[in-house]
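Chemist:
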Amino acid sequence: MQKQYDAVIIGSGFGGSVSALRLAETGKSVLVLERGKNYLSGEFPRDPKILANTLWRYPDISCDQGLFDLRFFSDMGVLTASGVGGGSLIYSNINIKPDKDLFSRIKWPSSLSLAALEPFYQRVESELSLQVMPEGLDLKASKVMHRAGNEVGASIITPEFSVDWDNCKKCGECGQGCNYDAKQSMDKTYLKKAQEKGAIIRSGAWVYVIEPTFSGYYIHFRDLTKNGQKVQVKARVVVLAAGALGTNELLLRNRDIYDTLPAVSATLGKGFSANGDFIGSIQNCSSSMEAWRGANVAAVLGFSGKNAFTVAAQGGKQSSMEVVAAMGQMTGKILQFFGPVVWRNLSSILPWMMAKGALSQPVPITLPGAGPADRCISLFASGQDNANGIITLKSSGIDIAWDFARENLKLIENMVLKMTELATVMQGTFSPLASWNMAKRPITVNPLGGCAMSDNPDSGVVSPYGEVYGHAKLFISDGSIIPGALGVHPAMTISALAEHNAEEIINSI
Ligand SMILES: Cc1cc2nc3c(=O)[nH]c(=O)nc-3n(C[C@H](O)[C@H](O)[C@H](O)COP(=O)(O)OP(=O)(O)OC[C@H]3O[C@@H](n4cnc5c(N)ncnc54)[C@H](O)[C@@H]3O)c2cc1C
Ligand code: SF4
Numbered sequence: 018m019q020k021q022y023d024a025v026i027i028g029s030g031f032g033g034s035v036s037a038l039r040l041a042e043t044g045k046s047v048l049v050l051e052r053g054k055n056y057l058s059g060e061f062p063r064d065p066k067i068l069a070n071t072l073w074r075y076p077d078i079s080c081d082q083g084l085f086d087l088r089f090f091s092d093m094g095v096l097t098a099s100g101v102g103g104g105s106l107i108y109s110n111i112n113i114k115p116d117k118d119l120f121s122r123i124k125w126p127s128s129l130s131l132a133a134l135e136p137f138y139q140r141v142e143s144e145l146s147l148q149v150m151p152e153g154l155d156l157k158a159s160k161v162m163h164r165a166g167n168e169v170g171a172s173i174i175t176p177e178f179s180v181d182w183d184n185c186k187k188c189g190e191c192g193q194g195c196n197y198d199a200k201q202s203m204d205k206t207y208l209k210k211a212q213e214k215g216a217i218i219r220s221g222a223w224v225y226v227i228e229p230t231f232s233g234y235y236i237h238f239r240d241l242t243k244n245g246q247k248v249q250v251k252a253r254v255v256v257l258a259a260g261a262l263g264t265n266e267l268l269l270r271n272r273d274i275y276d277t278l279p280a281v282s283a284t285l286g287k288g289f290s291a292n293g294d295f296i297g298s299i300q301n302c303s304s305s306m307e308a309w310r311g312a313n314v315a316a317v318l319g320f321s322g323k324n325a326f327t328v329a330a331q332g333g334k335q336s337s338m339e340v341v342a343a344m345g346q347m348t349g350k351i352l353q354f355f356g357p358v359v360w361r362n363l364s365s366i367l368p369w370m371m372a373k374g375a376l377s378q379p380v381p382i383t384l385p386g387a388g389p390a391d392r393c394i395s396l397f398a399s400g401q402d403n404a405n406g407i408i409t410l411k412s413s414g415i416d417i418a419w420d421f422a423r424e425n426l427k428l429i430e431n432m433v434l435k436m437t438e439l440a441t442v443m444q445g446t447f448s449p450l451a452s453w454n455m456a457k458r459p460i461t462v463n464p465l466g467g468c469a470m471s472d473n474p475d476s477g478v479v480s481p482y483g484e485v486y487g488h489a490k491l492f493i494s495d496g497s498i499i500p501g502a503l504g505v506h507p508a509m510t511i512s513a514l515a516e517h518n519a520e521e522i523i524n525s526i
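To get this note's numbering, take the position in the sequence shown, counting from 1, and add 17.
Structure follows, in structure tokens:
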């Protein structure tokens, strides 16, 4: 393998893939290092019992190098993906640009505005061939949700999907990776083009050290395809794109343990946001929705005003929805009594349950709130939380500290109120996720921040173009640089920012 590159990109999600294409098309030598596997159509795992394929738990459990990285920290849970294409492999395909109002509530660097980013959003739209859901799809769940949204005064948002609708089987399996070549994930779009322009993509490459040298950086990684063998490459420029968790962890370790990046700002790890994520479900509604039809998202509703939020009504694979519907909507004092203990041990309880088949088929007993799968839909709400989470490094790895429930009480109360109103007009019941009812801790699929963009190193980790203050030619292009909660799905903004940063990265080589 070649040992020296113009640019090494760490991580292949939205930010990494955009950076790879833009650098490769200028003729630079580019290496993308991705810890996860390369999945071809048909290879995405479907049996949750096989933990080695389902969960990413490397290096703690070295054989578990699967698709889903689900972690339970002290104060919240976070779900991300591991694989060539990153979060785009399991995301729900919807791309939404925040409106001016939401965008302006975040403290961006002075040069950044929605208008300044507009050309970059357009590039993303074009590269991903984004399209709205075809009119003829005629989904029952969309109709029911839109009717309910209108009744409670919500606006109907029409998201753009990164789906090749002609090839799409409308099977709702998008959250587990598309086995039918219809999802326009980053590996099928930006990364594919980057490869055609000469970029090299290495899967199973888990990076742990970034070390400056006089003409660039050494990047140390473990080759997971060769029993974790240590490998070192050199780059003139490094782009960190390991996602909000991965990038924060790498920088914290390299600043505080390996001492290779000592000048990284003291603000590192601060300002973490869950994008106001609050997950729940509506069950037992009076109309059949069959939310397993379509491409995951049936409807997106917007609630404006104080404590504004967006909610995506989502289905999934039919068999998965049958499992969810049978779990019901557990609330109550017993759950709360055991909640804190269960939360602390969820990282081992959940995999144990999965291995025993608890997520493979519906529970054989009737639980409170359980009902038919066709009358059930999941609600993923996102709003503007106060982005006050702190990522720290402990002996066991990173942790997140944040009294999310107390500090974002008004936002959560508003979300619960409006989602309950939706359920009521649908003659069903709303309940937050059991983990919330149990321990008042959220689970987010949209981790952001910790390495905020800023006009100076006293208030952030990177410059307005993503260059790490104190370490020239080390850039970040992923969700970690977003300095607050967007309140809408973040992938399109992460990609647009990566497009924006790429121009400066190219100039720096
Ligand atoms: C189930 C689900 C549904 C979602 N749906 C939507 C949606 O519809 N619309 C939307 O806008 N957003 C959605 N999101 C959120 C979206 O996926 C994320 O915001 C996005 O993926 C973040 O992009 P990123 O570039 O910051 O990082 P990621 O996409 O997370 O990519 C980071 C990559 O870095 C790799 N990596 C990490 N550490 C290392 C290391 N040490 N060495 C090498 N590689 C490493 C990871 O394996 C990963 O591939 C969803 C998320 C989930 C989990
Ligand atoms: S619904 Fe999703 S998983 Fe199924 S074919 Fe379409 S894009 Fe792929």
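For every residue, glycine included, the Cβ atom is placed at its ideal position computed from N, Cα and C.
1) On a CA-only basis, which of GLY286, TRP182, VAL226 and PRO62 is nearest ASN196? Give me that one, please.
2) Take the Cβ of TRP419 as the centre, count every other Cβ of all protein chains shown within 10 Å, and call the residue buried at 16 or more, exposed below.
3) Please tell me whether HIS506 and ILE113 are closer than 8 Å, where the distance is taken between their beta carbons.
4) Decide if the region 312-329 is in contact with the region 404-420; the criterion is three or more beta carbon pairs, one per stretch, under 8 Å apart.
5) Using DSSP with H/G/I as helix, E/B as strand and the rest coil, what is LYS323?
6) Does DSSP put GLU42 in a helix, a strand or coil?
7) Would you mind giving the Cβ-Cβ distance between PHE326 and MET443, rounded to the nearest angstrom? I have them listed as a contact below 8 Å.
8) Between ARG253 and ASP86, how many whole angstroms is the CB-CB distance? I'm expecting something under 8 Å.
9) Can you tell which of GLY467, SER128, GLY83 and GLY189 has its C-alpha closest to the C-alpha of GLY501?
10) Using a threshold of 8 Å, state whether the C-beta atoms of ILE236 and VAL25 are closer than that.
11) Quick one: give me the first and last residue of the alpha helix (DSSP H) that ARG272 is part of.
12) Is GLY332 near ligand 2, in the sense that its beta carbon is under 7 Å from a heavy atom of that ligand?
13) Taking the beta carbon of ALA451 as the centre, do at least 16 other beta carbons fall within 10 Å, making it buried, or is it exposed?
14) Between GLY483 and PHE89, what straight-line distance do the alpha-carbon atoms span, to the nearest angstrom?
15) For the candidate residues ALA342, ALA329 and ILE382, whose alpha-carbon lies nearest to that of TYR108?
16) Does any heavy atom of ligand 3 sit closer than 7 Å to the C-beta of TYR56?
17) Looking at ALA398 and MET436, is the spacing between their C-beta atoms short of 8 Å?
18) Using the Cα positions of ILE227 and GLU60, report the straight-line distance between them to the nearest angstrom.
19) Should GLU51 go down as buried or exposed, given a rule of 16 or more other Cβ atoms within 10 Å for buried?
20) Between the Cα of GLY386 and those of LEU367, ALA422 and MET347, spot the shortest distance and give me the residue it belongs to.
21) Measuring alpha carbon to alpha carbon, tell me which of SER46, PRO65 and PHE492 ends up nearest PRO229.
22) Using beta-carbon positions only, say whether ALA157 and GLU307 come within less than 8 Å of one another.
23) Report the residue ranges of all beta strand (DSSP E) runs contained in full by the region 421-450; include only those spanning at least 3 residues, in chain order.
24) Alpha carbons only, please: which of GLY293, THR206, ILE174 and ARG122 is nearest the one belonging to VAL141?
25) Below 8 Å, how does it come out for the region 281-292 and the region 398-412: are there three or more Cβ pairs, yes or no?
26) Check whether the region 213-223 touches the region 38-49, counting contact only when three or more Cβ pairs, one atom from each stretch, lie closer than 8 Å.
27) By DSSP, does PRO62 sit in helix, in strand, or in coil?
28) Are there any heavy atoms of ligand 1 lying less than 7 Å away from the beta-carbon of THR175, as far as the coordinates show?
29) Under a Cβ-count criterion, where at least 16 other Cβ atoms within 10 Å of its own Cβ denotes burial, should ASP15 be classed as buried or exposed?
30) Distance check for PHE295 and LYS37, CA to CA, integer angstroms please.
31) Name the residue from CYS80, LEU278 and GLY170 whose alpha carbon lies nearest to the alpha carbon of LYS243.
32) Quick one: is GLN300 buried, meaning 16 or more other Cβ sit within 10 Å of its Cβ, or exposed?
33) Counting only the same chain and skipping the five closest in sequence on each side, list residues whose C-beta sits under 7 Å from that of GLY192.
34) Ligand 1 and VAL462: does the residue's C-beta get closer than 7 Å to at least one heavy atom of that ligand?
35) With a cut-off of 8 Å on the beta carbons, I'd call LEU84 and PRO368 a contact; round off their distance for me.
36) Return the first residue and the last residue of the beta strand (DSSP E) that GLY288 is part of.
Modeler: Taking the geometry as given:
1) For the set GLY286, TRP182, VAL226 and PRO62, the Cα lying nearest the Cα of ASN196 is the one of PRO62.
2) Burial is judged here by how many other beta carbons sit within 10 angstroms of a residue's own beta carbon; TRP419 has at least 16 and is buried.
3) Yes, they are a contact pair.
4) The region 312-329 makes no contact with the region 404-420: fewer than 3 CB pairs, one atom from each, lie closer than 8 Å.
5) LYS323 carries a coil assignment under DSSP once its states are collapsed to helix, strand and coil.
6) In this structure, DSSP gives GLU42 a state outside helix and strand, which the three-state scheme calls coil.
7) Incorrect: roughly 18 Å between the Cβ atoms, too far for contact.
8) Cβ atoms of ARG253 and ASP86 stay farther apart than 8 Å, at about 30 Å.
9) Looking at the Cα atoms, GLY467 is the closest of the given residues.
10) Yes. Within cutoff.
11) It spans 260-273 - the alpha helix (DSSP H) in which ARG272 sits, taken as one unbroken run.
12) The answer is no for GLY332.
13) Around the beta carbon of ALA451, a 10 Å sphere encloses 16 or more other beta carbons of the protein chains shown; the residue is thus reported as buried.
14) Whole-angstrom Cα-Cα distance: 28 Å.
15) If we check each option's Cα against that of TYR108, ALA329 comes out closest.
16) Ligands present in the displayed structure are limited to ligand 1 and ligand 2, and ligand 3 is not among them.
17) Cβ atoms of MET436 and ALA398: closer than 8 Å.
18) If you take the alpha carbons of ILE227 and GLU60, they lie about 32 Å apart.
19) The residue is buried, with at least 16 neighbouring Cβ atoms inside 10 Å.
20) Closest in alpha carbon position to GLY386, among LEU367, ALA422 and MET347, is MET347.
21) It is PHE492 whose Cα lies nearest to the Cα of PRO229.
22) First, the amino acid is wrong: residue 157 is Lys here, not Ala. Note that the C-beta distance between LYS157 and GLU307 is below 8 Å.
23) With a minimum length of 3 residues, the continuous beta strand (DSSP E) runs that stay inside the region 421-450 are 446-449.
24) For the set GLY293, THR206, ILE174 and ARG122, the Cα lying nearest the Cα of VAL141 is the one of THR206.
25) Contact check between the region 281-292 and the region 398-412: three or more CB pairs, one atom from each, fall below 8 Å, which counts as touching.
26) Verdict: yes, contact present.
27) Annotated three-state conformation of PRO62 is coil, per DSSP.
28) THR175 Cβ: outside cutoff for every heavy atom of ligand 1.
29) Nothing can be reported for residue 15, as the shown portion of the chain is limited to 18 through 526.
30) The sequence shown places Ala at residue 37, not Lys. If I take the Cα positions, the gap works out to 33 Å.
31) Ranked by Cα distance from LYS243, the first of CYS80, LEU278 and GLY170 is CYS80.
32) Burial call: buried.
33) If we look at GLY192 and ignore the five residues flanking it on each side, its Cβ neighbours are ILE107, SER109, ASN313 and GLY333.
34) Checking every heavy atom of ligand 1 against the Cβ of VAL462, one is found closer than 7 Å.
35) 14 Å between Cβ atoms; not a contact.
36) Counting along the chain, the beta strand (DSSP E) containing GLY288 begins and ends at 287-289.
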